[in-house]
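Peer 1: Before anything else, here's the structure in question.
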Amino acid sequence: MYKLWASTYKEFLLLTRDLGGLAVLFLMPLLLVITITTIQDGTFKTLETSKIPILLVDNDQGAVSQNIQENLNNSNLFEVIKEPSEQDAQHSVQKGTYQLAIVIPEDLSKDLQQKVSDNVTDILSRFGMEEAAVPAAKEVLQPKEVRLYFDPATQQSFKSAVRSTIDQMISQIESQTIYQAFQEQLTEDASEVIFDTRHFITFKEIDPNNNEKPIVPNSTQHNIPAWTLFAIFFIILPLGINMVKEKNQGTFVRLRTQPVSYATVLGGKTLVFLTVSLIQFALMLLVGIYLFPLIGLPKLEVSGRLPLLFVVAFFAGLAAVGLGLLLGTIAKTQEQSAPFAATFVVILAAIGGVWVPVFAMPKLMQTLSNLSPMNWGLNAFYDVFLRNVGFVEILPKIGLLFGFFIITTLIALSYNSKKNAL
361 MYKLWASTYK EFLLLTRDLG GLAVLFLMPL LLVITITTIQ DGTFKTLETS
411 KIPILLVDND QGAVSQNIQE NLNNSNLFEV IKEPSEQDAQ HSVQKGTYQL
461 AIVIPEDLSK DLQQKVSDNV TDILSRFGME EAAVPAAKEV LQPKEVRLYF
511 DPATQQSFKS AVRSTIDQMI SQIESQTIYQ AFQEQLTEDA SEVIFDTRHF
561 ITFKEIDPNN NEKPIVPNST QHNIPAWTLF AIFFIILPLG INMVKEKNQG
611 TFVRLRTQPV SYATVLGGKT LVFLTVSLIQ FALMLLVGIY LFPLIGLPKL
661 EVSGRLPLLF VVAFFAGLAA VGLGLLLGTI AKTQEQSAPF AATFVVILAA
711 IGGVWVPVFA MPKLMQTLSN LSPMNWGLNA FYDVFLRNVG FVEILPKIGL
761 LFGFFIITTL IALSYNSKKN AL
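Using the numbering used here, you'd call the opening residue of the sequence shown number 361 and step up by one each time.
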């Protein structure tokens, strides 16, 4: 036990004497999470409070185009700017001046009214509600298309949302036109027959936890867990560098002359850097709880969740330390250790869902994400933060993190034993 304490104290002294390393470990993650959260929260607020300017080319000049314009204005999403020329609108969108241009075709209102009127007349005549007449040759009306021009840099999610919104507007207008045609055919005084055109089927979002209106996850609840994991796993960089430096300076050679096992040496490093990871997590929580509200960001809600959150952080820290011990054992130079550690952490974060949600990835990457310890930790954090689960539910994920620590540490011990045996 004394040897483990002495090894731990040695690691503590090495760490505290490197002020630059301490800054990287503690200050950089805080700056990172503040910056990322501010950018994302600002984006969300911009979408909620500002309208996106779009161009509208009205070649119809009828009731339908007027209805479309009113619906766009009332949606609180768009600021409609009329553009007389489709070519000019296309050019403006191509340059990136506007993200979207909507072109309404000619005679849309007249042709829609004619098509609906013909269909209603045909239906009523089949039920004997219209006087028989010599069937006249109907004009074949070609389907109308509302053209949408998107900025080439526009994300697919925005395109899908806009197309869905426009489609709903058009469907509602068509339904109202059909009801109006029936009213006109059924009676001379359209006011005598009034159809209720309000939506009969609606949607309500329910929280599966309590059958109430769900709490919408904000940028803080997503970024604190994600970038905390990134910071925790980033400790493999200084840990690996310190181990390589000790080998190059002869410290490991001197330790081998002492009655100290390599497992004891790794144990001291584990205790120190595991403590570092827990301090990082605590600082992240303090920033989310106290600093974020002061700078206009959503407050991090942790009431009743702190014990489970620190359990997840503890096992995530173990997984990161195990990876760092393995890297420091295998690497021979700092030129090998530092670039590989930095790149590998970025790769683990990318496939683990820190940057892009896993469900939005291709199938292959979704499968690979299951191999990333960051994905295990992130899902465990989300379970606690957003799904209000208990210890039993997160046990499989923290079990994977602990197993990862055990496996990487055993590989490091085995590699060192074989290398020194030669």
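Every residue, glycine too, gets a C-beta built ideally from N, C-alpha and C.
Would you check if the distance between the CB atom of A680 and the CB atom of I754 is smaller than 8 Å?
Peer 2: Stepping through the sequence shown from its first residue, residue 680 is reached at position 320. Stepping through the sequence shown from its first residue, residue 754 is reached at position 394. No, these two residues do not count as a Cβ contact at 8 Å.
Peer 1: Does DSSP put E371 in a helix, a strand or coil?
Peer 2: Looking up residue 371 in the sequence shown gives position 11. If DSSP states are grouped into helix, strand and coil, E371 belongs with the helices.
Peer 1: Suppose you measure from the CA of N748 to the CA of M721; what does that come to, to the nearest Å?
Peer 2: Your numbering for residue 748 matches position 388 in the sequence shown. Your numbering for residue 721 matches position 361 in the sequence shown. Taking the straight line from one Cα to the other gives about 26 Å.
Peer 1: Which same chain residues end up closer than 6 Å to Q454 when comparing Cβ atoms and leaving out the 5 residues on each side of it in sequence?
Peer 2: Locating residue 454 in the sequence shown gives position 94, counting from the first residue. Hits under 6 Å: none found.
Peer 1: My output table needs one value for F510: the three-state DSSP class, helix, strand or coil.
Peer 2: Mapped onto the sequence shown, residue 510 falls at position 150. Correct three-state label for F510: strand.
Peer 1: Could you tell me if G656 is buried or exposed, where buried requires 16 or more neighbouring beta carbons within 10 angstroms of its beta carbon?
Peer 2: On the sequence shown, residue 656 is found 296 positions in, with the first residue counted as 1. With fewer than 16 Cβ atoms within 10 Å of its Cβ, G656 is classed as exposed.
Peer 1: Nearest-angstrom Cα distance between N685 and S777?
Peer 2: Stepping through the sequence shown from its first residue, residue 685 is reached at position 325. Stepping through the sequence shown from its first residue, residue 777 is reached at position 417. First, the amino acid is wrong: residue 685 is Leu here, not Asn. Whole-angstrom Cα-Cα distance: 14 Å.
Peer 1: Report the rounded CA-to-CA distance for V399 versus V752, giving the unit in angstroms.
Peer 2: For the purposes of this step, residue 399 is identified with residue 39 of the sequence shown, where counting begins at 1. For the purposes of this step, residue 752 is identified with residue 392 of the sequence shown, where counting begins at 1. It is Ile, not Val, that sits at residue 399 in the sequence shown. Taking the straight line from one Cα to the other gives about 35 Å.
Peer 1: What does the alpha-carbon distance come out to for the pair D420 and F518?
Peer 2: Here residue 420 corresponds to residue number 60 of the sequence shown, with the count starting at 1. Here residue 518 corresponds to residue number 158 of the sequence shown, with the count starting at 1. The straight-line gap from Cα to Cα measures roughly 26 Å.
Peer 1: How many Å lie between L468 and H451 at the Cα?
Peer 2: Within the sequence shown, the letter at position 108 stands for residue 468. Within the sequence shown, the letter at position 91 stands for residue 451. In a straight line, the C-alpha of L468 is about 24 Å away from that of H451.
Peer 1: Where do the N-terminal and C-terminal ends of the alpha helix (DSSP H) with V662 fall, by residue?
Peer 2: Counting from one through the sequence shown, the residue named residue 662 turns up at place 302. Element bounds for V662: n/a, residue is neither H nor E.
Peer 1: Taking the Cβ atom as the reference point for each residue, do V393 and V636 lie within a distance shorter than 8 Å?
Peer 2: Residue 393 sits at position 33 when you count from the first residue of the sequence shown. Residue 636 sits at position 276 when you count from the first residue of the sequence shown. Cβ atoms of V393 and V636: not closer than 8 Å.
Peer 1: Three or more C-beta pairs closer than 8 Å, one from the stretch 699–718 and one from the stretch 620–629: is that the case here?
Peer 2: Not touching, per the Cβ criterion.
Peer 1: Taking the alpha helix (DSSP H) that P699 falls in, what are its first and last residues?
Peer 2: Position 339 of the sequence shown holds residue 699. Start and end: Q694 to G712.
Peer 1: Could you round the C-beta distance between V476 and I538 to whole angstroms and report it? I think they count as a contact, below 8 Å.
Peer 2: To locate residue 476, count along the sequence shown from 1; it is residue 116. To locate residue 538, count along the sequence shown from 1; it is residue 178. That belief holds up - the Cβ atoms of V476 and I538 are roughly 5 Å apart, short of 8 Å.
Peer 1: Return the CA-CA distance between F704 and Q532, expressed in angstroms with no decimal places.
Peer 2: As a working note, residue 704 is residue 344 in the sequence shown. As a working note, residue 532 is residue 172 in the sequence shown. C-alpha separation (whole angstroms): 52 Å.
Peer 1: Among E661, V625 and L387, whose alpha-carbon lies nearest the alpha-carbon of L645?
Peer 2: Taking the first residue of the sequence shown as 1, we reach residue 645 at position 285. It is E661.
Peer 1: Leaving out the 5 sequence neighbours to the left and right, which residues in its chain are closer than 7 Å to N431 when beta-carbon positions are compared?
Peer 2: On the sequence shown, position 71 is the one that residue 431 refers to. Counting only Cβ-Cβ distances below 7 Å, and skipping sequence neighbours, we find M529.
Peer 1: Would you list the one or two residues that DSSP bridges to K470?
Peer 2: What you label residue 470 is simply residue 110 of the sequence shown in a count that begins at 1. None, per the DSSP bridge assignment.
Peer 1: Starting from the C-beta of G763, find all residues in its chain whose C-beta is less than 7 Å away, skip the five residues before and the five after it, and write them out in chain order.
Peer 2: For the purposes of this step, residue 763 is identified with residue 403 of the sequence shown, where counting begins at 1. Correct list: empty, nothing qualifies.
Peer 1: From which residue to which residue does the alpha helix (DSSP H) around P598 run?
Peer 2: Position 238 of the sequence shown, counted from the start, is the residue given in the question as residue 598. Counting along the chain, the alpha helix (DSSP H) containing P598 begins and ends at I596 to Q609.
Peer 1: Which whole-angstrom value is the C-beta distance of L687 and S697, which I expect to be below 8 Å?
Peer 2: Numbered from 1 along the sequence shown, position 327 holds the residue referred to as residue 687. Numbered from 1 along the sequence shown, position 337 holds the residue referred to as residue 697. L687 to S697, Cβ: 6 Å. Contact.
Peer 1: Would E446 and V424 qualify as a contact pair, given that the criterion is a beta-carbon distance under 8 Å?
Peer 2: Within the sequence shown, residue 446 is the residue found at index 86, counting from 1. Within the sequence shown, residue 424 is the residue found at index 64, counting from 1. Their beta carbons are not under 8 Å apart, which means E446 does not touch V424 by this criterion.
Peer 1: Count the other CB atoms within 10 Å of the CB of A471; is the residue buried (16 or more) or exposed (fewer)?
Peer 2: Here residue 471 refers to the residue found at position 111 of the sequence shown. The sequence given here has Asp at residue 471, not Ala. Buried.
Peer 1: Our contact map puts P598 next to V384 with C-beta atoms below 8 Å; I'd like the distance itself, whole angstroms only.
Peer 2: Counting from 1 along the sequence shown, the entry for residue 598 is found at position 238. Counting from 1 along the sequence shown, the entry for residue 384 is found at position 24. With 8 Å as the limit, P598 and V384 qualify as a contact, their Cβ atoms being about 7 Å apart.
Peer 1: Could you spell out where the beta strand (DSSP E) holding I464 opens and where it closes?
Peer 2: Working through the sequence shown from its first residue, we reach residue 464 at position 104. L460 to I464 is the span of the beta strand (DSSP E), which, as asked, contains I464.
Peer 1: Roughly how many angstroms lie between the CA atoms of D511 and A461, to the nearest whole one?
Peer 2: Here residue 511 is taken as the residue at index 151 of the sequence shown, counted from 1. Here residue 461 is taken as the residue at index 101 of the sequence shown, counted from 1. Rounded to the nearest angstrom, the two C-alpha atoms are 9 Å apart.
Peer 1: Do you know whose CA, among L634, T768 and I414, lies nearest I690's CA?
Peer 2: Position 330 of the sequence shown holds residue 690. Here the closest residue by C-alpha is T768.
Peer 1: Would G737 pass as a contact of V671 if the rule is Cβ separation under 8 Å?
Peer 2: Walking along the sequence shown from the start, residue 737 turns up at place 377. Walking along the sequence shown from the start, residue 671 turns up at place 311. For G737 and V671, no; Cβs fall outside 8 Å.
Peer 1: Whose C-alpha, out of I766, M734, Q640 and P756, is nearest the C-alpha of M388?
Peer 2: To locate residue 388, count along the sequence shown from 1; it is residue 28. Per the Cα distances, Q640.
Peer 1: Considering only C-alpha positions, which residue in the set I649, P413, P733 and N735 is nearest to E797?
Peer 2: As shown, the chain starts at 361 and ends at 782. That puts residue 797 outside it, with no answer to give.
Peer 1: Which two residues bound the contiguous alpha helix (DSSP H) that contains K411?
Peer 2: Working through the sequence shown from its first residue, we reach residue 411 at position 51. Note, K411: premise wrong, no alpha helix (DSSP H); not H, not E.
Peer 1: So for E439, helix, strand or coil by DSSP?
Peer 2: In the sequence shown, counting from the first residue as 1, residue 439 sits at position 79. Three-state result, E439: strand.
Peer 1: Sort out for me which residues DSSP pairs V417 with in a bridge.
Peer 2: The residue you call residue 417 lines up with position 57 of the sequence shown. Bridge partners of V417: V463.
Peer 1: Could you work out which residue in P653, Y742, F633 and I649 is closest to S367 when comparing CA atoms only?
Peer 2: For this step, residue 367 is matched to residue 7 along the sequence shown. Nearest of P653, Y742, F633 and I649 to S367, Cα basis: F633.
Peer 1: When you compare only the Cα positions, how much space is there between L536 and D478?
Peer 2: Numbered from its first residue, the sequence shown carries residue 536 at position 176. Numbered from its first residue, the sequence shown carries residue 478 at position 118. Looking at the sequence provided, one finds Gln at residue 536 rather than Leu. Cα to Cα, Q536 sits roughly 16 Å from D478.
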